[in-house]
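Worksheet: the structure to be examined is printed underneath.
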Amino acid sequence: DLLRGDLTIDPDQNPDHLCTVRGWVRTKREGKEIAFLEVNDGSSLQGLQIVLSPTLDDYEALIKQINTGVSIAATGKLVASTGKGQKVEMQAREITVFGTADPETYPLQKKRHSIEFLRTIAHLRPRTNMFGAVFRVRNACAFAVHQFFQERGFLWVHTPIITASDCEGAGEMFGVTTLDLQKLGLAGKPVDYSQDFFGKPAFLTVSGQLEAEIMATAFSNVYTFGPTFRAENSNTSRHLAEFWMIEPEVAFCDLEGDADLAEDFLKYIFNYVLKTCPEDMEFFQERVNDQVMVNARKIIDEQFERISYTEAIAILEKCDKKFEFPVSWGLDLQSEHERFLAEEYFRKPVIVMDYPLGIKAFYMRVNDDTASDRQTVRAMDILAPGVGEIIGGSQREERLDLLEARIRSVGLNPEDYWWYLDLRRYGTVPHAGFGLGFERLVQFITGMGNIRDVIPFPRFPQSAEF
Ligand code: 4AD
Ligand code: MG
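To convert, note that position 147 of the sequence shown is 154 in full-length UniProt numbering; the numbers rise steadily by one, no gaps.
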């Protein structure tokens with residue numbers, strides 16, 4: 008709290024009250040016979056100004072040693088600051104230097120660095136204002152996720168990272184392998200990874216949904232929050248090979264209930280972040296994207312638009328915009344179409360429902376109450392301005408015969424899904440859920456242009472070595 012500068016100080020009342028702060032020096036300014044340091048410990052955007060006067064032991068040597076990046080502890084008296092930009096500052100009585108930082112080689116000098124350059128030093132970029140703000144907001148989002156679900160009685164369930172099933176059926180999985188590199192004499196050498204997991208095929212999970220469905224048919228309301236993996240070789244500003252996903256699964260719920268939950272959920276997180284991270288949000292508004300606050304207020308205050316896929320196609324076909332990819336009933340929406348709907352047409356988040364059966368995963372509930380050759384499933388995507396698809400969800404097929412037929416028709420073997428079918432065989436219920444891409448959420452809230460900049464250690468084709 009000292010660094011947050013929100014202390015009310017009455018120096019007369021407590022003339023010798025000393026405090027200690029520890030952190031990293033961001034800047035040093037030398038005036039006549041006095042020096043000012045800005046020290047930051049990561050707790051907030053603004054650090055604490057520390058005033059060093061020549062009365063300190065070894066003042067000259069100390070000033071020489073302290074540069075940007077140096078780690079120190081400073082003990083002194085907090086006083087009201089007369090300088091601009093901070094309420095309090097510290098008059099140092101004692102300074103301890105833990106580690107120096109050579110100004111010739113330390114990359115984070117005072118000048119602004121490009122975000123591309125900072126991406127090449129993922130081990131140091133958390134020490135910048137921008138990444139400090141991003142990772143504090145990321146933390147606040149994670150806390151809000153848990154608070155939202157815990158307040159509503161949802162159980163947080165832990166689904167496996169190693170799995171045999173391809174939930175989304177897109178065939179974009181990383182394989183898991185058992186190798187004794189020492190024994191094979193391969194330690195440190197290139198390896199053939201086409202092995203297996205103790206004699207069985209295994210992969211890194213693309214989604215915890217199927218296991219969440221197991222838990223939802225016992226605990227009613229559950230959610231997952233963990234890492235997921237996609238082996239898609241896409242180099243875009245919205246895709247990662249490793250990303251975090253939140254997947255609630257709700258028994259006795261249909262698609263409308265699912266959409267209501269998703270909308271409430273996003274509103275809750277935005278509200279929480281605006282309340283708890285006002286300085287960081289102001290920083291994004293000023294330095295990253297001037298639409299950040301407008302978008303946030305829209306999420307909170309306005310009702311999301313809800314349209315069917317068929318209506319979305321009609322809008323896209325009628326509009327004057329020239330798209331790179333074709334639009335016609337039965338084709339999936341591309342990023343450009345999604346962004347047009349959210350950013351230009353409705354100018355707010357849009358929930359698109361009831362997609363064609365042919366472009367969606369096997370587990371989605373078939374709309375069969377109306378006979379039509381345009382067969383659809385109870386799927387929904389939430390499209391957000393600036394990001395495109397942020398949530399994908401559906402009502403699940405709870406009817407045993409229909410699910411079994413669907414599994415067959417997409418070329419999967421029902422025997423591999425015996426446990427999933429059991430959920431329909433014994434005590435089946437209508438149920439629904441969705442997946443929120445955590446990084447896309449953080450991107451959406453902060454206005455950061457590239458998804459690689461909202462996760463500390465992004466994984467993508469050609470990503471950094473650690
Ligand atoms: O639409 P997806 O593939 O849906 C599922 O995985 C379902 N099993 C979810 C469910 O119903 N429980 O992925 C869900 C969300 C997307 O809307 C997107 O926000 C995010 O996950 N996502 C990615 N984020 C970053 N990088 C990628 N490669 C992503 N792929 C999906
Ligand atoms: Mg999707």
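Backbone N, C-alpha and C define an ideal beta-carbon position, used for all residues, glycine too. None of these values were measured; they are calculated from a predicted model.
DSSP state of residue i mapped onto helix, strand, coil
{"i": "Ile74", "result": "The question names Ile, yet the displayed sequence has Asn at residue 74. Three-state DSSP puts Asn74 in coil, outside helix and strand."}
{"i": "Gly365", "result": "helix"}
{"i": "Val141", "result": "helix"}
{"i": "Ser372", "result": "Correcting the residue identity first, residue 372 is Arg in this sequence and not Ser. DSSP places Arg372 in coil when its eight states are reduced to three."}
{"i": "Cys26", "result": "strand"}
{"i": "Arg159", "result": "coil"}
{"i": "Gly456", "result": "coil"}
{"i": "Pro465", "result": "coil"}
{"i": "Glu175", "result": "coil"}
{"i": "Asn296", "result": "coil"}
{"i": "Asn302", "result": "helix"}
{"i": "Gly92", "result": "coil"}
{"i": "Met180", "result": "coil"}
{"i": "Asn240", "result": "coil"}
{"i": "His438", "result": "strand"}
{"i": "Phe150", "result": "helix"}
{"i": "Arg403", "result": "strand"}
{"i": "Ser470", "result": "coil"}
{"i": "Val449", "result": "helix"}
{"i": "Gly264", "result": "helix"}
{"i": "Phe290", "result": "helix"}
{"i": "Thr185", "result": "coil"}
{"i": "Val417", "result": "coil"}
Cut-off 7 Å between Cβ atoms - residues of its own chain near residue i, not counting five sequence neighbours on either side
{"i": "Val394", "result": "Arg245, Arg447, Gln450, Phe451"}
{"i": "Ile221", "result": "Leu430"}
{"i": "Ile16", "result": "Residue placement at Ile16 is poorly supported in this model, since its pLDDT is 48, which falls under 50; the coordinates are not used for a value here."}
{"i": "Val357", "result": "Phe311, Glu312, Ile314, Leu348, Ala349, Leu390"}
Beta-carbon proximity list for residue i, same chain, < 6 Å, skipping 5 on both sides
{"i": "Ile462", "result": "Glu446"}
{"i": "Arg381", "result": "none"}
{"i": "Ala386", "result": "Tyr362, Lys367, Met371, Ser401"}
{"i": "Pro255", "result": "Tyr230, Gly440"}
{"i": "Leu59", "result": "Ala42, Ala99"}
Heavy atom of the ligand 4AD within 6 Å of residue i beta-carbon
{"i": "Ser214", "result": "yes"}
{"i": "His246", "result": "yes"}
{"i": "Arg447", "result": "yes"}
{"i": "Met180", "result": "no"}
{"i": "Arg126", "result": "no"}
{"i": "Met252", "result": "yes"}
{"i": "Arg159", "result": "no"}
{"i": "Glu351", "result": "no"}
{"i": "Arg237", "result": "yes"}
{"i": "Cys148", "result": "no"}
{"i": "Glu263", "result": "no"}
{"i": "Phe441", "result": "yes"}
{"i": "Cys174", "result": "yes"}
{"i": "Gly444", "result": "yes"}
Test item: CB-CB of residue i and residue j under 7 Å
{"i": "Phe181", "j": "Phe142", "result": "no"}
{"i": "Asp287", "j": "Ala151", "result": "no"}
{"i": "Ile398", "j": "Leu348", "result": "no"}
{"i": "Arg29", "j": "Ala80", "result": "yes"}
{"i": "Phe369", "j": "Ile414", "result": "yes"}
{"i": "Glu324", "j": "Val334", "result": "yes"}
{"i": "Ala177", "j": "Ser227", "result": "no"}
{"i": "Phe204", "j": "Thr185", "result": "yes"}
{"i": "Gly43", "j": "Ser78", "result": "Note that residue 43 corresponds to Phe in the displayed sequence, not to Gly. No, these two residues do not count as a Cβ contact at 7 Å."}
{"i": "Leu281", "j": "Ala248", "result": "no"}
{"i": "Ala238", "j": "Phe464", "result": "no"}
{"i": "Val46", "j": "Gly54", "result": "yes"}
{"i": "Glu175", "j": "Val144", "result": "no"}
{"i": "Ala147", "j": "Cys284", "result": "yes"}
{"i": "Leu125", "j": "Arg132", "result": "yes"}
{"i": "Val299", "j": "Phe291", "result": "yes"}
{"i": "Ile102", "j": "Leu52", "result": "no"}
{"i": "Lys355", "j": "Glu309", "result": "yes"}
Own chain, CB closer than 8 Å to residue i, minus 5 neighbours either side, in chain order
{"i": "Thr75", "result": "Val32, Arg33, Thr34, Lys35, Ala108, Pro110, Tyr113, Leu115, Gln116, Lys117"}
{"i": "Leu25", "result": "Thr82, Gly83, Lys84, Arg100"}
{"i": "residue 7", "result": "Residue coverage of the chain in this structure runs from 8 to 473, which leaves residue 7 outside it and unanswerable."}
{"i": "Asp265", "result": "Val257, Met387, Gly400, Ser401, Gln402, Ala439, Gly440, Phe441"}
{"i": "Ile320", "result": "Val334, Ser335, Trp336"}
Integer Cβ distance of residue i from residue j, believed to fall under 8 Å
{"i": "Cys260", "j": "Ala439", "result": "5 Å"}
{"i": "Phe277", "j": "Ile306", "result": "5 Å"}
{"i": "Ala219", "j": "Ile169", "result": "With a Cβ gap of about 16 Å, Ala219 and Ile169 do not count as contacting."}
{"i": "Asp388", "j": "Val359", "result": "5 Å"}
{"i": "Tyr279", "j": "Ile322", "result": "Contact flag wrong, Cβ pair sits at about 33 Å."}
{"i": "Leu364", "j": "Thr383", "result": "6 Å"}
**Report entry** Any heavy atom of the ligand FAD within less than 7 Å of residue CB: hits in chain order
**Finding:** Looking for the ligand FAD in the displayed structure turns up nothing; the ligands present are the ligand 4AD and the ligand MG.
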